[in-house]
Amino acid sequence: MQSVLLDPTDRKILDLMQTVPGINATTIGERIGLSQSACWRRIQRMRDEGVIRDQPVILDREKVGLTTMVFAHVKLTSHGRSNLSTFAEDVKQFPEVMDCYVVLGSVDFLLRIVTEDIKAYEQFFFEKLSQLPGIQEVTSSIVLSD
0 MQSVLLDPTD RKILDLMQTV PGINATTIGE RIGLSQSACW RRIQRMRDEG VIRDQPVILD
60 REKVGLTTMV FAHVKLTSHG RSNLSTFAED VKQFPEVMDC YVVLGSVDFL LRIVTEDIKA
120 YEQFFFEKLS QLPGIQEVTS SIVLSD
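In numbering that gives the first Met the number 0, the protein residues as written are 0 to 145.
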């Protein structure tokens, strides 16, 4: 994979896009001293080059009733490539799983899970996550603040 060269202006655009949700090219241009069209062309180029993959919506979890965030550290019984791929594909089907990372160390996966409350996480854990084949151990860490 070849790296894309970004100049300081590109980096300013990316910084604003990451820190100000929903910011448009006109506002970015005003803040960094570019015309709207020049800013839009740079954004489009970075999308075309794959630098910008997506612009996610950032929710206030509590306002939509998702008050509990958990990081689950999952260790599998077998560490073959196909086992890792199968587990990742299976776990990504659960709407409660926001992120799924393959990691090195004492566990194989780090999952970010969001539920309504602890009771809902308990239900998710026993009825969905722990039912997946190949899990040796799951350690859950409840997020106190983010």
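Backbone N, C-alpha and C define an ideal beta-carbon position, used for all residues, glycine too. Source: prediction; values computed, not measured.
Under the three-state DSSP convention, the category residue i falls into
{"i": "LEU75", "result": "strand"}
{"i": "ILE134", "result": "strand"}
{"i": "SER2", "result": "coil"}
{"i": "GLY28", "result": "helix"}
{"i": "LEU13", "result": "helix"}
{"i": "SER40", "result": "Residue identity check: residue 40 is Arg in the sequence provided, not Ser. Here ARG40 sits in helix by DSSP."}
{"i": "PRO7", "result": "helix"}
Beta-carbon separation (whole angstroms), residue i vs residue j, contact threshold 8 angstroms
{"i": "ILE12", "j": "CYS38", "result": "7 angstroms"}
{"i": "HIS78", "j": "VAL106", "result": "HIS78 to VAL106, Cβ: 11 angstroms. No contact."}
{"i": "THR28", "j": "GLN35", "result": "The question names Thr, but residue 28 is Gly in the sequence shown. The Cβ separation is near 5 angstroms, so the contact holds."}
Whether residue i touches residue j by CB criterion (8 angstroms)
{"i": "SER129", "j": "PHE70", "result": "no"}
{"i": "VAL102", "j": "PHE93", "result": "no"}
{"i": "ILE112", "j": "TYR100", "result": "no"}
{"i": "GLN135", "j": "LYS74", "result": "yes"}
{"i": "GLN89", "j": "ARG41", "result": "Residue 89 is actually Asp in this sequence, not Gln. It is not a contact, given that the beta carbons lie outside the stated cut-off."}
{"i": "VAL142", "j": "MET68", "result": "yes"}
{"i": "PHE86", "j": "LEU131", "result": "yes"}
{"i": "GLU115", "j": "LEU58", "result": "no"}
{"i": "GLU95", "j": "PHE125", "result": "no"}
{"i": "VAL3", "j": "VAL50", "result": "yes"}
Those residues which DSSP pairs with residue i across a bridge
{"i": "SER139", "result": "ALA71"}
CB contact check: residue i to chain C, cutoff 8 angstroms
{"i": "ARG46", "result": "No chain C is present in this structure, which holds just one protein chain."}
Beta strand (DSSP E) runs contained entirely in the segment 59-123, provided each spans 3 or more residues: 67-75, 96-101, 108-114
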